[in-house]
Structure formats: C-alpha cells, structure tokens
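Numbered according to the numbering used here, the sequence shown spans residues 37 to 370.
Ideal Cβ placement from N, Cα and C applies to all residues, glycine included.
Below is one structure; the comments refer to it alone.
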Amino acid sequence: MTYNITLIRGDGIGPEVIDSAKEVIEATGVPVEWDIVEAGNIAMQEHGNPLPASVIDSIRDNKVAFKGPITTPVGKGFRSANVRLRQELDLFANIRPIKSFKGVDSLHQDVDFVIIRENTEDLYAGIEHMVGEDAAESIKIITRKASERICKFAFELARAQCRRKLTLVHKANIMKLSDGLFLECGKKYAKLYDDILFEDVIVDAMSMKLVQFPQDYDIIVAPNLYGDILSDLSAGLIGGLGLAAGANVGHDMAVFEPIHGSALDIAGKGIANPTSAILSGIMMLRHIGESGPAERMEQALDKVFENKDNRTPDLGGNLRTEEFTQKVIDKMIG
Numbered sequence: 037m038t039y040n041i042t043l044i045r046g047d048g049i050g051p052e053v054i055d056s057a058k059e060v061i062e063a064t065g066v067p068v069e070w071d072i073v074e075a076g077n078i079a080m081q082e083h084g085n086p087l088p089a090s091v092i093d094s095i096r097d098n099k100v101a102f103k104g105p106i107t108t109p110v111g112k113g114f115r116s117a118n119v120r121l122r123q124e125l126d127l128f129a130n131i132r133p134i135k136s137f138k139g140v141d142s143l144h145q146d147v148d149f150v151i152i153r154e155n156t157e158d159l160y161a162g163i164e165h166m167v168g169e170d171a172a173e174s175i176k177i178i179t180r181k182a183s184e185r186i187c188k189f190a191f192e193l194a195r196a197q198c199r200r201k202l203t204l205v206h207k208a209n210i211m212k213l214s215d216g217l218f219l220e221c222g223k224k225y226a227k228l229y230d231d232i233l234f235e236d237v238i239v240d241a242m243s244m245k246l247v248q249f250p251q252d253y254d255i256i257v258a259p260n261l262y263g264d265i266l267s268d269l270s271a272g273l274i275g276g277l278g279l280a281a282g283a284n285v286g287h288d289m290a291v292f293e294p295i296h297g298s299a300l301d302i303a304g305k306g307i308a309n310p311t312s313a314i315l316s317g318i319m320m321l322r323h324i325g326e327s328g329p330a331e332r333m334e335q336a337l338d339k340v341f342e343n344k345d346n347r348t349p350d351l352g353g354n355l356r357t358e359e360f361t362q363k364v365i366d367k368m369i370g
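Set out below in structure tokens:
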C-alpha cells in the first residue's frame, strides 16, 4: 500500500530538515507518494496568501501532512498560517512528546511525558481589536465542547500509552469562568477514567514543578496558550527545541511537524539539526500504522546520540545536517 502524504517544506531551515526526515523515512522502505505544496513566505510571495486553498484541499484529500516550520510576522503582517491551518481543519489536539536522549547533555535525564494542548481556541482564536489609539483588547474563548473534547482525548491517550497520571494545567484561581470551565471539564472526565490518577495544577506553579521535577509527569493537558508555553519550556529541559516533535491531530486528519521555528539566521548553511523533523516523521509513521519502521528510526536515532561526536552545532558538535542524516540512515539499515 502506498501512502499519499501532503508535504509542506516550510520557511527558513524547513526545507533542509524536512528533506532530511523525508530521506530517513524513505530509507525505511515505507512507500510514500508525496504531494508537495507551498505555504508560508513562498506562498505569500507567489499567491498573496501564506495558506492557499490548495494546501487545505491537499490535506483534506490525503488526511496526513508532513510540514516544516512557517514564519509568522511579529506584531504586524499576515495572521499565523499555523493557527489558520489548525482551525480550518479542526486539528484540535496538539501533541508534544518530551523525552530525553541518553548521551545528550541536558538539565534532566529520564524525562518522558506528553503535553496535550487544546489547539483551536483560547487567546489564539485571534479575536482582538484596538480600543481607541492607546489600548488593545484580546478575547479569550474557552468552550465546553472544545474543553471536553481535549480532556477526553488526553485521557484516551493516557490509557493507550499505559500512563499512570494526568495533570490538568489552569489559572482558575484568577480566571474563574474561562479556566474554571476548562477545569470543570477535566474533573468530569477524571470520574470516567478513574484508573488514571488525576491532578490539577495552577500554571505558574506548574512551570516551577516542571523545571524541578519533570520525571513526576506522564500526561499534561492544558488550554492553548499555557500548553504552547509549557511545551517550549519542557523542550528546554531535554536539550532544546531541536530535540522535540509535534503533531496536530483532528478526528480524521493529522499534521506532523518539528516544533522549532524557521531559524532564518542559519537557513541555507547546512547546519540545522534535523532531529525534531525526524521525530515528527516517527510519530507520523506510527499514526499511519507503520510501527515497525517507526521503531527502527527511533532506535537508529538513539544509537546515533550514544556517540557524543554525533552532534550538530546547536548541541555543541560539528556535524552538518546531511552528515547527521546519513548517520541515522546507516544505523537503521546497517
């Protein structure tokens, strides 16, 4: 069976790391037909739209996409194509596995948890406006439907991965209605999944606890903004954004992507770390039912990192993107 997968190479270092991961995926022997489409700065320049309808149509047809990072202007310019993509395809769950690598210098070892982030609302709904010339107002939306959906998803994932505990993150002590509703929905599903230990933690306290004791966590579920911030913080615990993967999942569609940005300052230099993209590719293979090849990719990556000479510049080494990629392939097929 050949899998039809939408391929979005992205901006900056996106094409380099996505091509790297694509090469590793193809080396597994899994038959993939790539439907290459453009989004981000290139699409904006050519079509006047960072997310053309052709991209949405391709993902709707193929149900699975592999995507590079897309640049979003700060404080001006077009609205985030990433947020639009998640909302238009109703990719309601953002999944960020956080797992440390043996041999990689990091703040903590033996870290293994997953952050589940609600992906469609909260402050990221993008509903904001100016009030006169000297004030700006942004509306935070938390609905029962979206909150129950993400909490149920998180509990189901906990069961599927045999995880023992689920932690819900909120700020309901201050935002009593919005975050209070999210917490209420979490408690509702905690009663239905009583085989999983449930706790709720205020977001500022959670930030401290993750830095101090990340080994204490299994599944973390949070509204959009908190989940975004905690995901990057957590990646820092294991060595940086280059070592963590991401997926945006809906009921019948999924987009897999590295969680780092487009890193325009090193684009084209051939020194980008492709690990996040490779890990996202592993997640994608598991999603389409190719667990065996995914396992081989993961084991090869682990073996590469066991040798401290196998490091890209962001991790203190000298390997170029192509060299690192080839080492992963060699370990996988050797």
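With contacts defined as CB atoms closer than 8 Å, residue 182 and residue 154 qualify as a contacting pair. Between residue 351 and residue 309 a beta carbon distance of about 7 Å is seen, short of the 8 Å cut, so the two are scored as contacting. Here residue 349 has 307 as same chain residues with Cβ atoms under 7 Å from its own Cβ, once five neighbours each way along the sequence are excluded. In the structure shown, residue 229 adopts coil according to DSSP, grouped into three states. Note that the C-beta distance between residue 257 and residue 202 is below 8 Å. DSSP places residue 193 in the uninterrupted alpha helix (DSSP H) bounded by 180 to 196. Taking 8 Å as the cut-off, the beta carbon of residue 47 is found closer than this to the beta carbon of residue 105. It is roughly 12 Å from the alpha-carbon of residue 264 to the alpha-carbon of residue 129. Between the alpha carbons of residue 361 and residue 84 lies a gap of roughly 34 Å. When DSSP states are grouped into helix, strand and coil, residue 218 belongs to the helix group. Secondary structure remark: continuous alpha helix (DSSP H) runs of at least 4 residues inside the stretch 291 to 361, in chain order: 311 to 323, 327 to 342. Put simply, of 330, 342, 353 the residue whose alpha carbon is nearest the alpha carbon of residue 60 is 330. Shortest Cα-Cα distance from residue 319 to any of 97, 260, 102, 88 involves 102. If you look at residue 83, you'll find it isn't in any beta strand (DSSP E); it sits in the alpha helix (DSSP H) that goes 77 to 83.
DSSP places residue 52 inside the alpha helix (DSSP H), whose first and last residues are 50 to 63.
Between residue 353 and residue 347, the alpha-carbon positions lie close to 4 Å from each other. Excluding the 5 residues flanking it on each side, residue 302 has same chain C-beta neighbours closer than 7 Å at 49, 308, in chain order.
Inter-residue distance for residue 277 and residue 270 is about 9 Å (C-alpha atoms, whole angstroms). Using a Cβ distance threshold of 8 Å, residue 124 and residue 92 count as a contacting pair. Among the bridge pairs identified by DSSP, residue 135 is matched with 148.
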